[in-house]
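To keep things clear, I will list the structure first and then write my remarks on it.
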Amino acid sequence: MSKVVEEAYKLADEGDLTEEEFRSFIFNNVVELHTALNPNLFKGPMVDLMYANVMAENS
């Protein structure tokens, strides 16, 4: 998995994606995908704030 993320980051590093676009690609899209069926999947002390931020950005 780390190699996949490393290769994906090259898109941002080389200017093809902004940092915000990269964050959406790597994190926000994953949150949206997995919470479509289970909105409470990421709720908990470790990721609850990040989850809440992503959901607020997309509402």
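The numbering used here numbers the first residue of the sequence shown as 9 and each following residue consecutively.
C-beta: ideal position from N, C-alpha, C; glycine also.
Note that the structure is a prediction, hence the values are computed from the model and not measured.
| Item | Value |
| --- | --- |
| Between which two residues does the alpha helix (DSSP H) holding VAL13 run? | 10–21 |
| Whole angstroms is fine: what's the gap from ASP56's alpha carbon to GLU40's? | 14 angstroms |
| Taking C-alpha atoms, which residue in ASP21, LEU45, VAL62, GLY52 lies nearest to ASN37? | VAL62 |
| Three-state secondary structure (DSSP) at SER32? | helix |
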